[in-house]
Amino acid sequence: REAIRRTPIEWLLTETDAPFLPSQNRRKQGLKRSESSHIIDIIQLIAELKKISVEKTAEQLWKNAQSLFKF
Numbered sequence: 002r003e004a005i006r007r008t009p010i011e012w013l014l015t016e017t018d019a020p021f022l023p024s025q026n027r028r029k030q031g032l033k034r035s036e037s038s039h040i041i042d043i044i045q046l047i048a049e050l051k052k053i054s055v056e057k058t059a060e061q062l063w064k065n066a067q068s069l070f071k072f
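With the sequence shown counted from 1, adding 1 to any position gets you the numbering used here.
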């Protein structure tokens with residue numbers, strides 16, 4: 002969480018295969034495995050930590066992916 006707070010959002014990408022996923026909320030629901038449909042949990046957390054809207058967070062993360070992968 003601290004790394005997310007300190008890293009400019011323009012440098013961030015999202016994924017769902019990190020060892021500490023699924024998110025805490027999903028683990029409370031009994032899920033033990035992460036999947037791509039849970040990416041919204043990560044986007045919401047980044048938005049909360051960065052204190053910006055989920056929409057702006059998702060838009061910037063998409064731009065970052067487009068820039069990195071050249072599509």
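Where a beta carbon is used, it is the ideal one built from N, C-alpha and C, also for glycine. In this text, all values refer to a predicted model and were calculated from it rather than measured experimentally.
With residue i and residue j assumed to form a contact (beta carbons below 8 Å), what rounded beta-carbon distance in angstroms separates them?
i	j	result
leucine 62	arginine 2	That belief does not hold up - the Cβ atoms of leucine 62 and arginine 2 are roughly 17 Å apart, past 8 Å.
So, is residue i buried or exposed, given that buried needs 16 or more other C-beta atoms within 10 angstroms?
i	result
alanine 66	exposed
alanine 48	buried
threonine 58	buried
Rounded to the nearest angstrom, what separates residue i and residue j at their Cα positions?
i	j	result
isoleucine 41	lysine 29	17 Å
isoleucine 53	glutamate 16	19 Å
glutamine 45	lysine 71	25 Å
threonine 8	serine 37	23 Å
glutamate 60	isoleucine 43	14 Å
Please determine, among the options, the residue with the shortest C-alpha to C-alpha distance to residue i.
i	options	result
serine 68	Ala4, Trp12, Val55 and Ser37	Trp12
lysine 64	Gly31, Arg6 and Ile10	Ile10
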